[in-house]
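Data first, discussion second: the structure below is written as structure tokens.
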Amino acid sequence: MGGNLPAGKLLFARTTSASPPDWRNPMSWLRNTWYAVAWSDEVESTPFGRRILNDAIVFFRDGAGRLAAIGGRCPHRFAPLAMGKIVDDTLECPYHGLRFDKSGTCVHNPHGGGRIPMNARVPKYRIAERWGLVWLWPGDPDAADEDKIPDLSHLLRDDLGHVRGYMGMQANYMLGVDNLIDLSHAQFVHGDRLMSNNFDDAKVAVEQNGNDVTNRLSIPNSSVPPALRSRVPAEIDVVDYWLDSTWRVPSVVTNDVGITLPGRPREEGQRSFGVHIVTPETERSSHYLFAHSRNYAVGDPLIDEKIREWQRVGFSEQDKPIIEATARMMGEETDPLALRPVLLPTDAAAVRARRLLSKLIDEETKACGEVSIPLDAVRRTLSG
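This is how it looks when you write it as structure tokens:
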């Protein structure tokens, strides 16, 4: 028998005989969790490819509109299956015509008399559609529980106006989370829209409820933020201003931003609700899905367009450049805490989120043994 097997649970053995993504580095990401990977309407009548947790994945729908997700690299010549086409509810490789069903099994080979090699298969992934998003579970498929998908039901509310989008980012996903959970950067990065002349009086409070971490930033008796000046009567110069963010393991951040007359309840004010999801593509790149929901000017296309333009400028021209530049300045490191940074009071929520995530990854890794072993690695060792 060739070699000693490290102890460990066969976390991926039930999914496929193909090696799962990044199995040699199980500490990289939390796996037994849901990641939002696309808006549902991004996946229509043609195959849709996206790399998630360093794994190429292709999403496609059958004739009834049911969604499937399988490995995106053909096991024959490694062509991208996302460049293929859907034929009789199967996905046909664009290179040599092998067809794969929704389980990832090759069911048609136009060569060699139709004989299908035993290893002609790709991974299958557990997926779900909820709140207008496609969610993927990259870990143990038996542990997948759709009730654990974060509640983003407000994205479907008709009494709110919604504008959403997507952006790729060349940075580790947690740098995006850091940016979103601490909205104090808005005073400087987005000062043209969100600046307050009373920022020095801002109050910060951090709360944790289970695995949710909330950062509450409030600025009493603030000037009206430039973005909302046109929506506030000219005689009103002072408001209570808040920017709250909640991080939900591992990569969803929701925020509540608004203004109201000093001392009045938030329900009386103008407020917007943001959903920001930063999903790992690789260790050094990520997918950013975002949505803005508001309780004012619902159904007004001009306001929709203004918000869409704000998303373009605020995210693509303001957030993205500074986050990507920060990633480059960190060199090979992806965790800023490893570089022993100066910490400010406004960093408390981001630090807590990172430490909680590290704890959850450690617990998951220990539960699975020292290493997660793919089935074909076991076979190679046993036959070696």
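Numbering (full-length UniProt numbering), first residue to last: 1 to 384.
Don't be surprised by glycine CBs; every beta carbon is placed ideally from N, CA and C.
Model, not experiment: these values are computed from the prediction.
As for any beta strand (DSSP E) of minimum length 3 sitting wholly inside the region 85-109, the runs are 85-87, 90-92, 106-108, ordered along the chain. The region 154-166 makes contact with the region 290-308; the number of CB pairs closer than 8 Å reaches 3 or more. In the DSSP assignment, P220 falls within the unbroken beta strand (DSSP E) covering 212-223. Take the alpha-carbon of K320 and the one of P220: they are about 29 Å apart. By the criterion of a C-beta distance shorter than 6 Å, F59 is surrounded in its chain by V43, F48, A69, once the five residues flanking it on both sides are discounted. Contact between the region 143-160 and the region 29-39 is established, with three or more Cβ pairs separated by less than 8 Å. L243 sits in a strand when the DSSP states are folded into three classes. A Cβ-Cβ distance of about 7 Å is found for the pair A327 and Q170, placing them in contact under the 8 Å criterion.
Boundaries of the beta strand (DSSP E) around K203: 203-209. Between the alpha carbons of N209 and A350 lies a distance of about 15 Å.
In the three-state reduction of the DSSP assignment, S196 falls in the coil class. Spatial neighbours of E324 in its own chain (CB-CB distance under 8 Å, excluding positions within 5 residues in sequence) are listed in chain order as M169, Q170, A171.
Counting only the Cα atoms, G104 lies some 12 Å from R126. Note on geometry: alpha-carbon atoms of L360 and P341 lie some 23 Å from one another.
Counting C-beta pairs with one atom in each stretch, the region 70-89 and the region 120-139 have three or more that are closer than 8 Å, which means they touch. Judged by their CB atoms, N32 and D140 are nearer to each other than the 8 Å cut-off. If you check the CB distance, Q318 and V177 do not come in under 8 Å. Where E363 is concerned, the enclosing alpha helix (DSSP H) starts and stops at 348-367.
Here I322 has V189 as same chain residues with Cβ atoms under 7 Å from its own Cβ, once five neighbours each way along the sequence are excluded. For L133, the three-state secondary structure derived from DSSP is strand.
Rounded to whole angstroms, the separation of the alpha carbons of L67 and L357 is 29 Å. A straight line joining the alpha-carbon of R130 with that of V275 spans about 14 Å. Contact check for T260 against V239 passes: the beta carbons are separated by less than 8 Å.
Bounds of the alpha helix (DSSP H) holding D178 are 173-181. Taking C-alpha positions only, L228 is separated from S245 by approximately 19 Å. Using a 10 angstroms sphere on the CB of T46, the tally of other CB atoms stays under 16, which defines it as exposed.
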